[in-house]
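Input: a single structure, listed below in structure tokens.
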Amino acid sequence: MGKKLKLGVLVSGKGSNLQNIMDNCQAGKVDATVEVVISDLPDAFALERARKAGIPALAFRRKDFASKEDFDQAILTALQEHRVELIVLAGYLRILTEVLVKPYEGRIMNIHPSLVPTFCGKGMHGLEVHRAALKYGVKITGVTVHFVELSVDTGPIILQRAVPVMDGDTPEILSDRVLEQEHEIYSEAIQLFAQGRLKVEGRWVRILEK
Ligand code: GRF
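Numbers 55 to 264, taken from our numbering, label the letters of the sequence shown in order.
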């Protein structure tokens, strides 16, 4: 068996994506290990999931640091201590500063619950995304996994999947349907990275054959 990719997962919420990634790593479906889980919210349920799986779970509170950069530096140090090779943002609500983005350039992924570039950008997260999609009246929404740059939700797109919007959908119902696809697509993207099959050419991410 080859060397496994070391993941550091950043979370702020319930952590269903984290759970799925941990399970798929454990089951050998993704050639990676979750080395550390870090949250900006000490009571995020995601941290409990990590602890339950025996994975180091850390919390850093923004208010304990003088600046966003100092806060990110503490996270960077923790990630480096755990020899993290790929940062996975899974419902992490803070915008990363250069302090994290520079040393991990091309090695940070995010998942967004819409077809980027629709219903994304600053302030668009959680149920807000689905509320906006329903308000607009789109018939199709979806999921996007992308590499992270300094600006929000604009990095090169790795994978996308469409999800239909149905009559009578509420933001909650739509969110559940989208989340099912998130769980599939995020592990798929991480596995492609672990296999060295993602090649970024400008805005285009090419998926190399095995
Ligand atoms: C997901 O919808 C993800 O796309 C978004 O935040 C949500 C996190 O859900 N970035 P969970 O905490 O993984 O359950």
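We put the CB at the ideal spot given by N, CA and C, even for glycine. Note that the structure is predicted; figures quoted are calculated from it, not measured.
- Message: So if DSSP puts Lys253 in a beta bridge, which residue, or which two residues, is it bridged to?
- Response: Beta-bridge pairing links Lys253 to Arg260.
- Coarse secondary structure for Thr172, derived from DSSP in three states: The answer is coil: DSSP assigns Thr172 none of H, G, I, E or B.
- Would the C-beta of Leu72 count as close to the ligand GRF, meaning under 7 Å from any of its heavy atoms? At a threshold of 7 Å, Leu72 counts as near the ligand GRF, since its beta carbon sits closer than that to one of the ligand's heavy atoms.
- State yes or no: is the C-beta of Val199 nearer than 7 Å to some heavy atom of the ligand GRF? No.
- Assigned exposure category for Gly82 - 16 Cβ within 10 Å defines buried: Answer is exposed; the Cβ neighbour count stays below 16.
- Query: Beta-carbon separation of Ile165 and Val199 under 8 Å?
  - Reply: Taking 8 Å as the Cβ cut-off, Ile165 and Val199 qualify as a contacting pair.
- Query: If Val339 sits next to Met178, beta carbons under 8 Å apart, how far is it from one beta carbon to the other, in whole angstroms?
  - Reply: Beyond the ends of the chain as shown, which are 55 and 264, falls residue 339; an answer cannot be given.
- Message: Per the DSSP calculation, Ala113 is bridged to which residue(s)?
- Response: Paired residues: Ser93.
- Message: When you compare the CB positions of Asp97 and Arg115, do they come within less than 8 Å of one another, or not?
- Response: It is not a contact, given that the beta carbons lie outside the stated cut-off.
- CA nearest to the CA of Glu152, picked from Ala104, Val170, Glu123: A check of alpha carbon separations from Glu152 across Ala104, Val170, Glu123 identifies Glu123 as the nearest.
- Task: Answer with buried or exposed for Val254, where buried requires no fewer than 16 other C-beta atoms within 10 angstroms of its C-beta.
- Result: Exposed is the call here.
- Message: Please give the ranges of any alpha helix (DSSP H) in the stretch 142 to 191, keeping only runs that are unbroken, at least 4 residues long and fully inside the region.
- Response: The stretch 142 to 191 contains these whole alpha helix (DSSP H) runs: 152 to 155, 181 to 190.
- Three or more C-beta pairs closer than 8 Å, one from the stretch 122 to 137 and one from the stretch 169 to 186: is that the case here? The answer is no - the stretch 169 to 186 does not touch the stretch 122 to 137, with fewer than three Cβ pairs under 8 Å.
- Item | Where Leu59 falls: helix, strand or coil (DSSP) | Residue state, collapsed to three classes: strand.
- Taking the alpha-carbon positions, what's the Leu61 to Lys176 distance? Leu61 and Lys176 have their C-alpha atoms spaced approximately 25 Å apart.
- Among Gly67, Leu143, Lys106, Gly69, nearest to Asp207 - alpha-carbon criterion: Restricting attention to Gly67, Leu143, Lys106, Gly69, the CA atom closest to the CA of Asp207 is found in Leu143.
- Message: Using a Cβ-Cβ cutoff of less than 6 Å, which residues in the same chain neighbour Glu135 once the five nearest sequence positions on both sides are dropped?
- Response: Excluding positions up to five away in sequence, the list is empty.
- Message: Can you tell me whether Leu61 sits near the ligand GRF, meaning its C-beta is under 7 Å from at least one heavy atom of the ligand?
- Response: The closest heavy atom of the ligand GRF lies 7 Å or more from the beta carbon of Leu61.
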